[in-house]
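Number of protein chains: 2
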Amino acid sequence: MNIGEAAAASGVTAKMIRHYESIGVIPKAGRSLSGYRVYTENDVHVLRFVRRSRSLGFSMAEIKQLLLLWRGRRPSKEVKRLATAHVVQLRAKIAEMRAMVKALDHLAAHCHGDERPECPILEGIASPGSVTEKARRMS
Amino acid sequence: MNIGEAAAASGVTAKMIRHYESIGVIPKAGRSLSGYRVYTENDVHVLRFVRRSRSLGFSMAEIKQLLLLWRGRRPSKEVKRLATAHVVQLRAKIAEMRAMVKALDHLAAHCHGDERPECPILEGIASPGSVTEKARRMS
DNA sequence: CTTGACCTTCCCATAATGGGAAGCTTGACC
DNA sequence: GGTCAAGCTTCCCATTATGGGAAGGTCAAG
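Residue numbers (the numbering used here), protein chains in the order written: chain F, 1 to 139; chain U, 140 to 278.
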């Protein structure tokens, strides 16, 4: 299999396959006489593993670890630790983004969104302090 | 005020202030005779606006727009549209990350996390298909 | 007048992905 | 055998927001 076929079979673009090889996440592929990279079915499994790990949000550094753990048949404890730490990071980011959404929803709720230039959103960003509070003060 | 003072007053690092200027998000600062950047109270307000917009997750391109809308006293409709579009993006990312957490929690729940190398997490990544299903098949 | 803190610009690095150029290989078709 | 398109190779550049660090100029206090 050459790189294009491996890409189609794994769902990882040829460009990314070369990149993963260059950063050492996957081992260097074999080469044909003319210098083309050659892939086996097993290499494709590895590529799929990488793609799915990416879709779970793991960084390339983490995937490198996961692949080592996989290949090395290391204790599942280590895998679980890695996965759990990742989930913690994800939850933290989710919480952060939810706070953003909450704040923005709040600001937007008070914005008329019409032709007038007065905008609680901009005002809220310029000088934070509850927009509701301001609305109250103004009434 | 020189850049260090403006940084302390706004909560934006001097490095970032220069960067924001270089990409045109904030106007070029005035200069002293010796070439030092000089800032006014108003410049600091702008920097704070940028910092807070960042903390709400807006990209620099969006912040550039927000600043134009702010300075230009443009219809609040435009601001609201920008903010709402951003919230949509945030919600999409949140949903994506929650799906990741859900999948990972599911995989981790079935991983003993002990010294044995069998690991439902790795297996789940290697060949997706419900881990629960596999557990059922094996029993 | 020296010294330390601060300023200037410029280059480099990060993480993951992609675009695109220049040049070689392969396979098919005539 | 010759040609052409498609596919491969490497190499460089761009993205986003942030920061590290070097080389050199400036300012204020001693």
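We treat Cβ as the ideally placed atom computed from N, Cα and C, and that holds for glycine. If you're wondering where the values come from, they're calculated on a predicted model, not measured in any experiment.
Buried or exposed (CB count within 10 angstroms, at least 16 for buried), residue i
{"i": "U/Leu195", "result": "buried"}
{"i": "F/Val79", "result": "buried"}
{"i": "U/Ser173", "result": "exposed"}
{"i": "F/Ser127", "result": "exposed"}
{"i": "U/Ala248", "result": "exposed"}
{"i": "F/Arg31", "result": "exposed"}
{"i": "U/Ser192", "result": "buried"}
{"i": "F/Arg37", "result": "buried"}
{"i": "U/Ile162", "result": "exposed"}
{"i": "F/Val50", "result": "buried"}
{"i": "U/Ala231", "result": "exposed"}
{"i": "U/Asp182", "result": "buried"}
{"i": "F/Ala103", "result": "buried"}
{"i": "U/Val185", "result": "buried"}
{"i": "U/Val227", "result": "exposed"}
Cβ of residue i within 8 Å of any chain U Cβ
{"i": "F/Lys64", "result": "no"}
{"i": "F/Leu47", "result": "no"}
{"i": "F/Leu68", "result": "no"}
{"i": "F/Ile17", "result": "no"}
{"i": "F/Val25", "result": "no"}
{"i": "F/Glu118", "result": "yes"}
{"i": "F/Gly11", "result": "no"}
Residue-level contact to chain F via CB, residue i, 8 Å cutoff
{"i": "U/Arg176", "result": "no"}
{"i": "U/Lys219", "result": "yes"}
{"i": "U/Thr223", "result": "yes"}
{"i": "U/Ala146", "result": "no"}
{"i": "U/Ser161", "result": "no"}
{"i": "U/Met239", "result": "yes"}
{"i": "U/Gly268", "result": "no"}
{"i": "U/Gly252", "result": "yes"}
{"i": "U/Lys167", "result": "no"}
{"i": "U/Ile142", "result": "no"}
{"i": "U/Ser192", "result": "yes"}
{"i": "U/Leu243", "result": "yes"}
{"i": "U/Ser171", "result": "no"}
{"i": "U/Ala265", "result": "yes"}
For residue i, three-class secondary structure by DSSP
{"i": "F/Gly30", "result": "strand"}
{"i": "F/Val25", "result": "coil"}
{"i": "F/Arg71", "result": "helix"}
{"i": "U/Asn215", "result": "In the sequence as displayed, the identity of residue 215 of chain U is Ser instead of Asn. If DSSP states are grouped into helix, strand and coil, U/Ser215 belongs with the helices."}
{"i": "U/Thr223", "result": "helix"}
{"i": "F/Arg116", "result": "coil"}
{"i": "U/Leu195", "result": "coil"}
{"i": "U/Gly263", "result": "helix"}
{"i": "F/Gly129", "result": "coil"}
{"i": "F/His106", "result": "helix"}
{"i": "U/Met140", "result": "coil"}
{"i": "F/Val50", "result": "helix"}
{"i": "U/Val240", "result": "helix"}
{"i": "F/Val44", "result": "helix"}
Residues bridged to residue i (per DSSP)
{"i": "U/Val177", "result": "U/Gly169"}
How about the segment 148-155 of chain U and the segment 259-267 of chain U: do they share at least three Cβ pairs that are nearer than 8 Å? no
Using 8 Å as the threshold, is the segment 218-229 of chain U in touch with the segment 58-65 of chain F, meaning 3 or more CB pairs across them? no
Touching or not, the segment 69-76 of chain F and the segment 243-257 of chain U, by the rule of three or more beta carbon pairs under 8 Å? yes
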